[in-house]
Amino acid sequence: MQMRIGGRVVDGADERWMPVINPATGEEIERVPEGTAVEVDQAVQAAEGAFDEWGARTPRERGMFLAHAAVLVRDQHQDLARTLTMEQGKPLRESLDEVRGFANILEFYAGLSASMQGEFVTLGPAGDLLVTHRPLGVCGAIIPWNMPALIMGWKLGPSLLCGNTMVFKPAAQAPLTALRLAGLMESAGLPAGVLNMVTGRGEIVGEAIVRHPNVKKVSFTGDSGTGRRIRELAAATGKEVILELGGSDPMIVWKDADLDKAVQGALRGRFYNCGQTCTAVKRLFVHHAIGKKFVSRLKSRVKTLTVGNGLLPGVEMGPMSGSPQRDRIAGLVDAVRDRSQGEILIGGASLTGKGYDDGFFYSPTLVSDPVPESPLLSQEVFGPVLPIMCVPDLETAINHANETIYGLGASIWTKDIAVIKEVFTRVQAGVVWANRHLTVPPEMPFGGVKGSGTGRENGIQALRAYTREKILFLGW
1 MQMRIGGRVV DGADERWMPV INPATGEEIE RVPEGTAVEV DQAVQAAEGA FDEWGARTPR
61 ERGMFLAHAA VLVRDQHQDL ARTLTMEQGK PLRESLDEVR GFANILEFYA GLSASMQGEF
121 VTLGPAGDLL VTHRPLGVCG AIIPWNMPAL IMGWKLGPSL LCGNTMVFKP AAQAPLTALR
181 LAGLMESAGL PAGVLNMVTG RGEIVGEAIV RHPNVKKVSF TGDSGTGRRI RELAAATGKE
241 VILELGGSDP MIVWKDADLD KAVQGALRGR FYNCGQTCTA VKRLFVHHAI GKKFVSRLKS
301 RVKTLTVGNG LLPGVEMGPM SGSPQRDRIA GLVDAVRDRS QGEILIGGAS LTGKGYDDGF
361 FYSPTLVSDP VPESPLLSQE VFGPVLPIMC VPDLETAINH ANETIYGLGA SIWTKDIAVI
421 KEVFTRVQAG VVWANRHLTV PPEMPFGGVK GSGTGRENGI QALRAYTREK ILFLGW
């Protein structure tokens, strides 16, 4: 597959290509151009050239393009999902949900288009104010490999609706679905230059997008180290940024929780997408009154998880995205074992043998009673490993929940509204779910606090992030 710049298909500088590997088989399934700052500059120029015409359209006209694109995506969602599973590894069922989620986001913002308007403020004898919301110009977006379709929708839906044009960098490991979605946007009639896709490595293409003086805003989803780098580069040019930098989400299960529902929530919350999700359950705190029963049920359910190639029927968890990710998770769990930092209840090893030989598989793992200094509690564990602690009271659970540099999401499982209120008020997180985890509909603004980043995506609130107020003061 190839880059798309200004409506043209581009092969890349000096015909350099990067392989895309199926993490379930280790096989190369495609190659994409390895872009450079040259292609980024070409993309910015194309986006600038398209901006005046695109920004001059009414929101309803721009919304019609999003709605049409959503129809095309739904028509091809089965094939798109197969591409996503092959490049990323997740089970086909999850890929289908994600691709449909992309279409859902476009439909949501298309639906908002008719209600986008400015404000008229009467000041009496002093005059009146007309407050309008203008697009920023060329915006950049950099997305990760774990949820490429969904996160692509989060970024381009509100930005394009607001009248901006875009330079978009998909993840090097999983660019194929994003490129195909961009092609469908063009097939829906999106004018050339409005959405430009540049494939390549983050340290080259991503950095060039952030450094470019004519890119007005950058939205990035990824790891904290890269986020800090982007913040520094953006500050040098006064560029606005949205940073979603991951999390270490706590899940608190209270003594009156519906156990079956909470067990299923922990299972899906941790092992969905092989645990490679920003808002995955990464630390589990259970009231000691139900601790043994809860852990026993969860362990029994983990035993039944079917791990394998996501294209195969019945598979519930696929491989990790690559050997570096699997090796890092294996190292964290080995440290727990070697240093007696907790008890490994189940899993704790790479999966080998028939069906696993050439892929990057790791067993779903539960670790009970990790010591406070365990990296399972202090780091973002991006894989299928769940540490579990029993707690005597809500104060202890909340204190543990806040013992992290992150603050993306959290969940509380209880029937007690007072407990829900206490957790919502005191746990440091951008999102708190009650008796649910992971669900992020398009209507819900999403983002974190502390080390989890700045800004919000999704929801009607995202429209403010991609516009700037311009005011007309009318003196009579």
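Sequential numbering from 1 applies to the sequence shown in this note's numbering.
Beta carbons are placed, not taken as given, at the ideal position from N, Cα and C, and that holds for glycine.
Which of the three DSSP states, helix, strand or coil, is assigned to residue i?
i      : result
Phe108 : helix
Pro19  : strand
Leu474 : strand
Phe382 : coil
Thr279 : coil
Ala43  : helix
Asn399 : helix
Ser452 : helix
Leu305 : coil
Val215 : coil
Ser411 : strand
Ala418 : helix
Ala70  : helix
Val205 : helix
Pro59  : helix
Thr467 : strand
Ala149 : helix
Thr36  : coil
Val431 : strand
Glu373 : coil
Arg82  : helix
Arg93  : helix
Arg31  : strand
Glu87  : helix
Thr221 : strand
Asp393 : coil
His77  : helix
Arg436 : coil
Ala478 : There is simply no residue 478 to check, as the chain begins at 1 and stops at 476 in what is shown.
Thr404 : coil
Can you round the beta-carbon distance between residue i and residue j to whole angstroms, since I take them to be within the 8 angstroms contact cut?
i      : j      : result
Ile388 : Leu284 : 5 angstroms
Pro250 : Ala410 : 5 angstroms
Ala172 : Met64  : That belief does not hold up - the Cβ atoms of Ala172 and Met64 are roughly 33 angstroms apart, past 8 angstroms.
Pro384 : Leu376 : Incorrect: roughly 12 angstroms between the Cβ atoms, too far for contact.
Val205 : Val198 : 5 angstroms
Gly247 : Asp223 : Actually they are not in contact, since the Cβ atoms of Gly247 and Asp223 sit about 11 angstroms apart, beyond 8 angstroms.
Phe220 : Val241 : 7 angstroms
Val391 : His287 : 6 angstroms
Val71  : Phe102 : Going by Cβ atoms, the distance from Val71 to Phe102 rounds to 12 angstroms, so no, they are not a contact pair.
State the beta-bridge partners of residue i as determined by DSSP.
i      : result
Pro387 : Val367
Ile5   : Arg8
Trp54  : The partner list for Trp54 (beta bridge, DSSP) is empty, contrary to what the question assumes.
Phe102 : Phe102 is not bridged to any residue.
Glu48  : DSSP output for Glu48 lists no bridge partner at all.
Glu457 : Phe446
For residue i, which of the options has the nearest alpha-carbon?
i      : options                           : result
Val210 : Trp254, Phe120 and Asp41          : Asp41
Gly49  : Arg62, Val167 and Gly189          : Val167
Pro175 : Glu34, Ala236, His68 and Gly247   : Glu34
Leu243 : Gly459, Gly453 and Leu472         : Gly453
Lys472 : Leu129, Phe424, Ile346 and Gln173 : According to the sequence as given, residue 472 is Leu; it is not Lys. When each option's Cα is compared against that of Leu472, the closest is Leu129.
Gly163 : Gly6, Gly55 and Ala349            : Gly55
Pro144 : Gly111, Arg201, Gly118 and Asn104 : Arg201
Arg268 : Ser113, Asn435 and Ile230         : Asn435
Ile405 : Gly137, Ala192, Trp433 and Val427 : Val427
Leu474 : Thr122, Leu84, Gly246 and Leu66   : Thr122
Asp327 : Thr306, Glu203 and Ser350         : Ser350
Glu107 : Thr467, Ala465, Gly459 and Arg468 : Gly459
Leu112 : Pro442, Gly448 and Lys470         : Pro442
Thr425 : Leu438, Leu394 and Gly451         : Leu394
Asp258 : Trp413, Asp97 and Gly89           : Trp413
Glu457 : Val449, Pro445, Gly451 and Arg468 : Pro445
Asp357 : Met3, Ala24, Gln325 and Thr165    : Ala24
Glu186 : Leu305, Cys274, Ala289 and Arg62  : Arg62
Ile29  : His212, Lys216 and Gly89          : Gly89
Is residue i near the ligand COA - that is, is its Cβ less than 6 angstroms away from at least one heavy atom of it?
i      : result
Leu233 : Judged by which ligands are present, the structure shown has none, so any question about the ligand COA falls away.
Notebook entry, point to check: Hey, which unbroken runs of the alpha helix (DSSP H) at 4 residues or more fall wholly within the stretch 227-294?
Noted result: As for any alpha helix (DSSP H) of minimum length 4 sitting wholly inside the stretch 227-294, the runs are 259-271, ordered along the chain.
Next item on the list: List in chain order: all unbroken beta strand (DSSP E) runs of 3+ residues lying wholly within the stretch 307-371.
Entry: Within the stretch 307-371, the complete beta strand (DSSP E) runs of at least 3 residues are 343-346 and 365-368.
Note to self: In chain order, what are the residue ranges of uninterrupted beta strand (DSSP E) at least 3 long that sit wholly in the stretch 106-147?
What the structure shows: 119-122, 128-135 and 138-142
Check: In chain order, which continuous runs of the alpha helix (DSSP H) of length 4 or greater are located wholly inside the stretch 157-199?
Finding: 176-187
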